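Input: a single structure, listed below in structure tokens.
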């Protein structure tokens, strides 16, 4: 009788744990790396999010922190692909509260055109991603 009682308590505890402990909290935390600042703000990319795409490009999460924020403007979260061989990028999705809130319909590759923050992300991610 004691063994069955103990067994039922353990099973009940396990069910409660699985029910109230969401699996999302087990996901890897972000490991943000800063690129050199610009006059517009700061840009970071996440080392833990790097993935190689089938076409050889690299997918990474990044976030932009504008120099001045208001209640309307805040951090901007990007899921971006980087083509290291062409020094190009494309934003796959953007978000304000979480990644991939809004999918980008324009998936054309773009050059950074002198944007120090994007150049910094491309340089660092390509150096890190090829090692």
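Numbering (the working numbering), first residue to last: 170 to 300. Virtual Cβ for every residue (Gly too), placed ideally from N, Cα, C. Here the structure is a predicted model, which means the values were calculated and not measured.
Reduced DSSP secondary structure (H/G/I, E/B, other) of residue i
i: residue 208; result: coil
i: residue 260; result: strand
i: residue 292; result: helix
i: residue 276; result: coil
i: residue 266; result: coil
i: residue 195; result: Because residue 195 carries a pLDDT of 42, less than 50, the predicted location of this residue cannot be relied on, and no value is offered for it.
Endpoints, the beta strand (DSSP E) within which residue i is located
i: residue 232; result: 227-235
i: residue 219; result: Here residue 219 belongs to no beta strand (DSSP E), and DSSP marks it neither H nor E.
i: residue 248; result: 245-252
Through-space distance from residue j to residue i, alpha-carbon basis
i: residue 216; j: residue 294; result: 8 Å
i: residue 308; j: residue 297; result: Residue 308 lies beyond the residue range present for the chain, which begins at 170 and ends at 300; the question has no answer from this structure.
i: residue 227; j: residue 269; result: 16 Å
i: residue 186; j: residue 267; result: Unreliable positioning characterises residue 186 in this predicted model, as indicated by a pLDDT of 47, which lies under 50. A coordinate reading is not provided.
i: residue 286; j: residue 225; result: 22 Å
i: residue 249; j: residue 277; result: 12 Å
i: residue 291; j: residue 237; result: 24 Å
i: residue 246; j: residue 171; result: 54 Å
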